[in-house]
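S.K.: Quick note on the working numbering: the sequence shown kicks off at 4 and runs consecutively.
All C-beta atoms in this analysis are idealised placements derived from N, C-alpha and C, irrespective of residue type, glycine included.
Fair warning: this is a prediction, and the values are worked out from it, not measured in the lab.
Below is the structure I would like to discuss, written out as structure tokens.
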Amino acid sequence: MGMRDQARMSIVDMRAIRAAQSSCNFTIATVSDKRKNPEAIGELGSLTEFQQDNVLTWLESGLSQLERGDTSASAEPVLIDVELVKLYLDFVGLSIASTVVVRAHHNHSSRTKRTDLVRGTNFVGNWASGAGELQTAMDMALSDAVMQLSKTAGHCS
Numbered sequence: 004m005g006m007r008d009q010a011r012m013s014i015v016d017m018r019a020i021r022a023a024q025s026s027c028n029f030t031i032a033t034v035s036d037k038r039k040n041p042e043a044i045g046e047l048g049s050l051t052e053f054q055q056d057n058v059l060t061w062l063e064s065g066l067s068q069l070e071r072g073d074t075s076a077s078a079e080p081v082l083i084d085v086e087l088v089k090l091y092l093d094f095v096g097l098s099i100a101s102t103v104v105v106r107a108h109h110n111h112s113s114r115t116k117r118t119d120l121v122r123g124t125n126f127v128g129n130w131a132s133g134a135g136e137l138q139t140a141m142d143m144a145l146s147d148a149v150m151q152l153s154k155t156a157g158h159c160s
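Next comes the structure, spelled out in structure tokens:
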């Protein structure tokens with residue numbers, strides 16, 4: 004993602020994301036961090052990679068994988084404001100449970116506004132508690148959240 008490299012997002016099956024999306028045009032208008040404690044990520048307290056400035060870059064990188072729909076459409080795009088609500092890692096035995104929760108506010112001037120709450124999760128083995136394992140766990144949870152968001156982003160209905 005933004006902090007490591009964009010290749011990690013290849014974990015997501017982009018064909019499934021594209022198939023789930025509608026043809027309605029949308030734009031990610033804003034991305035913000037609304038966590039109660041932007042420096043904490045669960046049992047670990049804080050990691051340098053997930054400090055507030057880096058987290059927003061990481062989240063924006065994951066969201067950039069969303070297709071924008073039919074940009075040739077003459078209709079005004081749906082504007083989506085994304086808020087990071089939760090980001091945490093928990094250790095369960097020899098595994099890492101990672102969770103990313105985002106709230107997406109869909110705004111369109113001629114339609115009813117809608118808000119979706121999306122929870123991306125992942126559960127992987129934790130062999131050495133290394134930074135790479137922790138990063139991968141968070142990347143996979145973000146991929147799951149992006150996949151779920153792709154199912155509703157920009158829907159015209």
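Please give me, in chain order, every unbroken run of the beta strand (DSSP E) with length at least 3 that falls completely inside the segment 60 to 139.
M.R.: Segments of the beta strand (DSSP E) lying fully in the segment 60 to 139: 81 to 95, 98 to 110 and 117 to 128.
S.K.: Would you kindly work out how many angstroms separate the C-alpha atoms of S25 and S153, rounded to a whole number?
M.R.: Working through the sequence shown from its first residue, we reach residue 25 at position 22. Working through the sequence shown from its first residue, we reach residue 153 at position 150. Only weak support is given to the placement of S25: the predicted model assigns it a pLDDT of 49, under 50, and the question is left unresolved by the model.
S.K.: Could you spell out where the beta strand (DSSP E) holding T155 opens and where it closes?
M.R.: By 1-based counting over the sequence shown, the position of residue 155 is 152. Premise fails: T155 is in no beta strand (DSSP E) and is neither H nor E.
S.K.: For F29, count neighbouring C-beta atoms within 10 Å of its own C-beta (all shown protein chains included) and say buried if the count is 16 or more, exposed if not.
M.R.: Within the sequence shown, the letter at position 26 stands for residue 29. It counts as buried.
S.K.: Can the beta-carbon of I99 be found closer than 8 Å to that of A140?
M.R.: Position 96 of the sequence shown holds residue 99. Position 137 of the sequence shown holds residue 140. In this structure, A140 lies closer than 8 Å to I99 by Cβ.
S.K.: What is the DSSP secondary structure of A32, counted as helix, strand or coil?
M.R.: On the sequence shown, position 29 is the one that residue 32 refers to. Looking at A32 - three-state DSSP - the assignment turns out to be strand.
S.K.: Enumerate in chain order the residues of its own chain whose CB-to-CB distance from V88 is below 8 Å, with the five nearest sequence positions on each side excluded.
M.R.: For this step, residue 88 is matched to residue 85 along the sequence shown. The answer, listed in chain order, is K37, R38, V104, V105, R106 and L120.
S.K.: Is the beta carbon of V149 less than 8 Å from the beta carbon of V85?
M.R.: Indexing the sequence shown from 1 puts residue 149 at position 146. Indexing the sequence shown from 1 puts residue 85 at position 82. Cβ atoms of V149 and V85: not closer than 8 Å.
S.K.: Please list, in chain order, all residues of the same chain as L3 whose beta carbon is under 6 Å from its beta carbon, the five residues on each side excluded.
M.R.: Shown here, the chain extends from 4 to 160; a query on residue 3 therefore has no answer.
S.K.: Would you tell me roughly how many angstroms separate the C-alpha atoms of V95 and S67, rounded to the nearest one?
M.R.: Reading the sequence shown from its first residue, position 92 is the one you call residue 95. Reading the sequence shown from its first residue, position 64 is the one you call residue 67. Taking the straight line joining both Cα atoms gives about 31 Å.
S.K.: By the three-class DSSP mapping on this structure, what secondary structure does S146 have?
M.R.: Residue mapping note: residue 146 aligns to position 143 of the sequence shown, counting from 1. In this structure, S146 counts as helix in the three-state DSSP scheme.
S.K.: Can you have a look at N40 and say buried or exposed, based on whether 16 or more other CB atoms are within 10 angstroms of its CB?
M.R.: Locating residue 40 in the sequence shown gives position 37, where the first residue counts as 1. N40 should be labelled exposed.
S.K.: Since N110 contacts L69 with CB under 8 Å, what's their CB separation in whole angstroms?
M.R.: In the sequence shown, residue 110 corresponds to position 107, counting from 1. In the sequence shown, residue 69 corresponds to position 66, counting from 1. Contact doesn't hold; Cβ gap of about 16 Å is too wide.
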